[in-house]
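Input: a single structure, listed below in structure tokens.
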Amino acid sequence: QQKVQQSPESLIVPEGGMASLNCTFSDRNSQYFWWYRQHSGEGPKALMSIFSNGDKKEGRFTAHLNKASLHVSLHIKDSQPSDSALYFCAIMSNYNVLYFGSGTKLTVEP
Amino acid sequence: EAAVTQSPRSKVAVTGGKVTLSCHQTNNHDYMYWYRQDTGHGLRLIHYSYVADSTEKGDIPDGYKASRPSQENFSLILELASLSQTAVYFCASSDGRKPSYEQYFGPGTRLTVL
């Protein structure tokens, strides 16, 4: 069964700073990787996906995938207070099942 | 945007009682899911379904039943609620025609078992 671990558990960055979130997984056959964001009191919402090794950039957000090292990361540039939330990485199996990490709580201080 | 609604939004139940959580989606999605969220555990899959009248066990199915009477509706049933089932429960749906399709989550149901 897929195991997904995230680090750090919590992260505090100043407004305008860079936030880096990490995720490791156990199944080398994993193919689809997602980052979800959950604001307090809401359901998780997909932030971005990455399916190929390398970097994928969407605005201030960059995801990086290295399947050989079983590692995926998310970097948030120019962090804003509105980015404060719980971030999950999620790995999809062949049967449309997502395995979630335990999350990183990001706080962006003004 | 895809819409998933859940009811009730919060519920207090007594130990040993029966609880039914409901989920409705208007996206014509094949797949529907039930997750529970506990502090420090992220989201864990309880049951899922890829077609009406059929359900599959997820990672933590013990103590839960699921029902998918139609494509739009998916229920989670706790026949004998226990204190350990106090959590926030999320329903989600996805298209399923491509495994890469994202899952859309509802707003959650906060369940407290006393």
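Residue numbers (my numbering), protein chains in the order written: chain H, 1 to 110; chain W, 1001 to 1114.
No residue lacks a Cβ here, since even glycine has one placed at the ideal position from N, Cα and C.
As the structure is a prediction and not an experimental result, all values here were calculated from the model.
query, result
"Paired residues, beta bridge with Thr1005 (chain W) - DSSP", "W:His1024"
"Backbone secondary structure at Asp1038 (chain W) - three-state DSSP", "strand"
"Under 9 Å between C-beta atoms of Asn1027 (chain W) and Ala1003 (chain W)", "yes"
"Limits of the beta strand (DSSP E) - the one that His1029 (chain W) falls within", "Per DSSP, His1029 (chain W) belongs to no beta strand (DSSP E) and is neither H nor E."
"With 16 other Cβ atoms within 10 Å as the buried cut-off, status of Ile1046 (chain W)", "buried"
"Cβ-based contacts, 8 Å cut-off: residues of the stretch 1044-1056 of chain W near chain H", "Arg1044, Leu1045, Tyr1048, Tyr1050"
"Option in H:Ile76, H:Met18, H:Leu106, H:Val97 with minimal Cα separation from Trp1034 (chain W)", "H:Val97"
"Cβ of Gly103 (chain H) within 9 Å of any chain W Cβ", "yes"
"Proximity test, Cβ basis, 9 Å: Lys59 (chain H) and chain W", "Here the sequence assigns Gly to residue 59 (chain H), which means Lys is not the residue at that position. No - not a single Cβ of chain W is within 9 Å of the one on Gly59 (chain H)."
"Beta-carbon gap between Leu70 (chain H) and Ser84 (chain H) smaller than 9 Å", "no"
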